[in-house]
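Only one structure is covered here, and it is reproduced in the block below.
Numbering (the working numbering), first residue to last: -13 to 82.
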């Protein structure tokens, strides 16, 4: 992979993460700026302190905004914005 391809992929990841942050703040009516959410910040527990009702809202929002259906077995993707980005745009995943 060339340096230009890496830069393009990094820019695409930043754009996807930014879109997810805006969606989270908007859909959950959070009183913070999307930029305050970091890509690797936990969404549950000591992170944004989201709960199970918030997850249900995010399931609906992700399907509506990204066209990606998530299932109960996919709960791990709600660990952080970065994990959500990997799920909604599989081209962003690091090679295994």
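A virtual CB, placed ideally from N, CA and C, is assigned to each residue, including glycine.
Measuring CB to CB, does residue 78 end up less than 8 Å from residue -5?
yes
Suppose you measure from the CA of residue 51 to the CA of residue -12; what does that come to, to the nearest Å?
31 Å
Thinking just about the alpha-carbon of each residue, which of 11, 60 and 7 is nearest to the one in residue 26?
7
When you compare each of 57, 58, 28 and -2 to residue 10 by their alpha carbons, which one comes out closest?
28
Taking only the alpha-carbon atoms, compute the straight-line gap between residue 0 and residue 17 and give it to the nearest angstrom.
22 Å
Rounded to a whole number of angstroms, what is the C-alpha to C-alpha distance between residue 68 and residue 3?
7 Å
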